[in-house]
Structure formats: C-alpha cells, structure tokens
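The working numbering applies: residue 445 is where the sequence shown begins, and numbers increase by one.
Before any comments, here is the structure.
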Amino acid sequence: MKPLSLKGHGRPITRVRINQEGDILFSSGKDKHICVWYTENGERIGTYEGHTGVVWDVDVSWDTKTLVSASGDQHMMVWDVETGAQLNDSEVGSVVRSIGLSYSGNLAVLATQKAISNRAGVFVQDLREFSKKFEPTLRIEIDQPSSTCLFSHLDDTIVLGTQNGQLHLYDLRQPNDAKDFSSPHNFPINELQKSGDETFLISSSKDKTAQLHDSRTLQQLKKYKSTRPVNSAAISPTRDHIILGGGEESVNVTMTSTSSGQFEAKLYHMIFEEEFARFKGHFGPINSITFDPIGDIVVSGGEDGYVRIQELDQSYKDFEFDIGVNA
Numbered sequence: 445m446k447p448l449s450l451k452g453h454g455r456p457i458t459r460v461r462i463n464q465e466g467d468i469l470f471s472s473g474k475d476k477h478i479c480v481w482y483t484e485n486g487e488r489i490g491t492y493e494g495h496t497g498v499v500w501d502v503d504v505s506w507d508t509k510t511l512v513s514a515s516g517d518q519h520m521m522v523w524d525v526e527t528g529a530q531l532n533d534s535e536v537g538s539v540v541r542s543i544g545l546s547y548s549g550n551l552a553v554l555a556t557q558k559a560i561s562n563r564a565g566v567f568v569q570d571l572r573e574f575s576k577k578f579e580p581t582l583r584i585e586i587d588q589p590s591s592t593c594l595f596s597h598l599d600d601t602i603v604l605g606t607q608n609g610q611l612h613l614y615d616l617r618q619p620n621d622a623k624d625f626s627s628p629h630n631f632p633i634n635e636l637q638k639s640g641d642e643t644f645l646i647s648s649s650k651d652k653t654a655q656l657h658d659s660r661t662l663q664q665l666k667k668y669k670s671t672r673p674v675n676s677a678a679i680s681p682t683r684d685h686i687i688l689g690g691g692e693e694s695v696n697v698t699m700t701s702t703s704s705g706q707f708e709a710k711l712y713h714m715i716f717e718e719e720f721a722r723f724k725g726h727f728g729p730i731n732s733i734t735f736d737p738i739g740d741i742v743v744s745g746g747e748d749g750y751v752r753i754q755e756l757d758q759s760y761k762d763f764e765f766d767i768g769v770n771a
C-alpha cells in the first residue's frame, strides 16, 4: 500500500468526497476552507474560500461542475468547481451540518441543527431556483437533530440519521410523513453513505458499529462491530468489502496512544461481517472515509488535519476471502 499524506487544512477534516470520475478529491475542515486535489498524485489544485465558520460537509455533482457546502456559519454555498466562483450564498438561519446532491444534481438536501428560534429541520433546495433568500422547495421539521442526510434514490427519496440513532426515509412525492422508519443504533448516527448503485446504505455510529441497510426499506442487513466509535463507513463499488473509520473520540485523544485509540481504517467483508485487514496512518480519529469509483483507492480525513490517499496494492486486489468450505 502506497499512502500519500496531504496537508492543506489547519484544523481537523470534516469530510472527504471524490467526484464521479475519481480524478478529483474535495476536503472540508474546521478551518473554514474547502480544498480540491488531484487524486492521482495528491497535488493541491486550489481552495474555495468564503465561509466564516467550520465547513461540516460538501458534495459534488455527477458532472463535477457544481459543489455545494454546509457550514457552521449558517450558510449554504454553491460553487463553480472549475473557476472557484460562488454561484450562490444563502443564509439558512441555523447551523447546517449535512448536505447532499440528488442524482441529477438539481436538488440539494440539507440538515440543520436546532437554534433559538428554529427547530431542527431537513430542507430540499432546487438549485435551479436559488436566490440569496433561503426559500426551500420542501421543509420538514424533526424532533431529533440530524447530523447526516442524503438522497437515497435518484431525486425521489431522502434518508436522514438522527442523534438518537434513528433512520427516517421520506418520499418527496409524499413528504408529510416518514415513509419508513427504523432504530438501528443506540447512539447518534454520525454519517450515512450509499453504494454506487444506490441499493444499499451504510450508517456509522457512536455505538461502535456500522450497519448495512436496504436503501428502499431501511431494513437492516448486516452489522460490522468495532471497539471504538465509528465516524464514517463506505461501501466498495467493485468488491464485497466495507471500510470503517473512527477511533477514540477527539476529547480523549491527548490521553490516548495511537495504538489504543485504534485510529486505523478497517476493512470488513460485506457478507460475513468479519474484519480482514487494517492500515494505519492517522494520529487521531478518522472523521471521513470513502472509496474511489473503481475501489482501488481509499481516501480518509482525520482529526489530525491530514487527508490520506491510500492506494490498495495488488495483494488486496488478489485477495479472496476464505469461507471455510472444503472441496
């Protein structure tokens, strides 16, 4: 394995994203910046500047033309990827913790935290009808704050994970009530990611597990157990593999050695739920992790402020899981 360590942020990384082609990588951090890099060699292309608070989340459209960002400064911004120009800057009214684009790239879903005058909510914004005044096409108030949300199927359904470990699925054609509902976790859900074909969702939680779900029904299919909180988990696009990232919480990092903190990325078999490999590199918890579209590269962002590009070597590609069946 041949890792690259990229230093472009002065504070912890909150999210890493790779575009559809796999050649461009985006990272956001608590230092108010969004960085863009070449995946192949780790060269930094530039920085998107404009937020005045922590950038919690970013997402990029399928054609790599549009980037959206969610921030603690209560703003949602839309960027032109190529030029870095701000296409729109809208004040939402409360902290925006998560943002995701739909399949077409025309819609954005965002989750906000509770504020003095506003309840926690999930909003859908049509980017084709965007103005500085925040006027979402759909507004859903929720009792439990959500730190993660995404479009689970095309432009039709959204899923959010809440602070009490619940998953809610909404059909935008009938948005008044959650279509499906489940409580897979005992502690807050930190992140949701979907598979490349949108058939599966994986949730990562402070309860030290990641769980695989049917994206249409939210039925729990598999559970991957760790010994530390799981901050992020991703599904390989080409193999039956799951990768988990996390570690001892950041408040305890100064009292924890690297080994006992378990800051490694861990690979699990999707079907058998067994860990079969791990690799080190970060000096703190992994906050975000993802595969490239081919499944040969893992990108992670950590509390240490580094983005790591891990190219998986030939031994990984040749690996076959022993299912213990005698010939």
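C-beta atoms are modelled at their ideal positions from N, C-alpha and C, and glycine is treated no differently.
Assumed close pair residue i, residue j - CB separation to whole angstroms, cut-off 8 Å
i	j	result
residue 603	residue 645	6 Å
residue 690	residue 676	7 Å
residue 750	residue 449	5 Å
residue 632	residue 591	7 Å
residue 539	residue 520	Wrong, their Cβ atoms sit about 11 Å apart, outside the cutoff.
residue 585	residue 563	5 Å
residue 471	residue 495	Wrong, their Cβ atoms sit about 14 Å apart, outside the cutoff.
residue 601	residue 615	5 Å
residue 553	residue 594	7 Å
residue 596	residue 642	7 Å
residue 581	residue 568	5 Å
residue 707	residue 726	5 Å
Per-residue burial, residue i [other beta carbons within 10 Å of its own, 16 or more giving buried]
i	result
residue 724	exposed
residue 598	exposed
residue 518	buried
residue 773	Nothing can be reported for residue 773, as the shown portion of the chain is limited to 445 through 771.
residue 752	buried
residue 625	exposed
residue 709	buried
residue 747	buried
residue 482	exposed
residue 680	buried
residue 487	exposed
residue 503	buried
residue 613	buried
residue 771	Summary for residue 771: the model assigns pLDDT 44, below 50, so the residue's position carries little reliability; its value from the coordinates is reported in the next sentence. Result: exposed.
residue 490	exposed
residue 830	Lying outside 445 to 771, the shown extent of the chain, residue 830 is not represented and no answer is given.
residue 630	exposed
residue 548	exposed
residue 667	exposed
Residues that DSSP places opposite residue i in a beta bridge
i	result
residue 745	732 and 751
residue 595	602
residue 688	677 and 710
residue 555	542 and 566
residue 473	457
residue 764	Answer is none; residue 764 lacks a bridge partner.
Could you name each continuous beta strand (DSSP E) segment of 3 residues or more that falls completely within the stretch 608-665, going from the start of the chain to the end? 611-615, 624-626, 633-638, 644-649 and 653-658
When the Cβ atoms of the stretch 731-748 are set against those of the stretch 715-722, are three or more pairs found closer than 8 Å? no
Please confirm if the stretch 604-614 is in contact with the stretch 643-661, defined as three or more CB-CB distances below 8 Å between the two stretches. yes
In chain order, which beta strand (DSSP E) runs of at least 3 residues are fully inside the stretch 477-548? 478-482, 488-492, 499-504, 510-515, 519-524, 530-535 and 540-545
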